[in-house]
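Notes follow once the structure below has been shown.
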Amino acid sequence: MDERAALALLADDLPAAGDDAAVVGEQVLTTDMLHERTDFPAGTTRYTAGWRAVGASLSDVAAMGAEATAAVAVYAAPTFDPEELRAFVRGAQDVCAYVEADYVGGDLDDHGEFTVATTALGRTTDPVRRSGAEPGDALCVTGTLGRSGAALRLFDRGDHEWANELFRFTPRVVPGLAISSSATAMIDSSDGLARSLHQLADASDCGFAVETPLPIDDAVDDVTDGPADRRELGVFFGEDFELVFTTPPDSLPGLRDVCGVPISRIGTVTDDEAVTLDDVDLPDRGYTHGEE
């Protein structure tokens, strides 16, 4: 059973689940777990691991259109190396400071594999759900796609400095706050653009007509062998933590003025259930924990 099947199994027991974060009153709450074997390639520094692990949870807060307030982490490793531990905490503190949140501690544990569990808190009076997209809305994405896929290729080739730089993505908390005033639905792209679109379509009972060109990061061109490989990293790989959202088309100029990061319109919400890229069905494929 993979992650998606497990979530489907629990759906009846957890009816409030299904967005990027839980909403409790005006608080949003989210938690994530990352492992060395699956999430931190050889060459990932502990500073990058701290930044990326906490950033992943902050990205979920961003996808709710919420202000980030605080984060904690569980750091588990076979041994507690002082320099590695300090570097991890610095990374966690720095990514929180970047989005004006506080890193307030966590827990330490011994474990056979370096593992991190993170929790982030946020606040909003008007969360953006995945379920509000309307036919005719513009489909948009912040930033660029494929950075993490490119980083993985760079780790493999031994270019660790550049790979670590790409791995330290910027959680879109501040843009998410700006977008929230007009967004009808929103999700972060942690599972890849294609899967994120299918998740939005399922939640909003709609479809999407996506069109190229897509905002693929320049780094992807340095590590891929052609259009198919480029598409694989940009559309399906995931772990880019950009915001994918829908909004009325006439709100786009104003959002671009206040967002602070590039916004690309990549398509339109449709009233059927199809998700297409250049009029061809886009497979519901992306990163899934536990997938064979």
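Counting from 1 along the sequence shown, just add 197 to a position and that's the residue number in the working numbering.
Ideal Cβ placement from N, Cα and C applies to all residues, glycine included.
Note that the structure is a prediction, hence the values are computed from the model and not measured.
- Secondary structure of His308 (DSSP, three-state): coil.
- Counting other Cβ atoms within 10 Å of its Cβ, Pro368 reaches 16 or more and is therefore classed as buried.
- Beta bridge pairing from DSSP links Phe442 with Cys337 and Met383.
- Judged by beta-carbon spacing, Gly343 lies beyond the 8 Å limit of Phe438, meaning their Cβ atoms are not closer than that value.
- Here the alpha carbon of Leu449 sits roughly 42 Å from the alpha carbon of Asp304.
- DSSP lists Tyr300 and Ala317 as the bridge partner or partners of Ala268.
- Under the three-state reduction of DSSP, Ser393 is assigned to helix.
- In the structure shown, Val251 falls within a helical segment according to DSSP collapsed to helix, strand and coil.
- In the structure shown, the three-state DSSP call for Thr322 is coil.
- Shown here, Phe405 sits in a strand according to DSSP, grouped into three states.
- Out of Ile460, Thr322, Asp415 and Leu479, the CA that lies nearest to the CA of Gln396 is found in Leu479.
- Burial state of Phe311 is buried, judged by a 10 Å Cβ sphere holding 16 or more other Cβ atoms.
- For Val370, the enclosing alpha helix (DSSP H) begins and ends at Val370 to Ser377.
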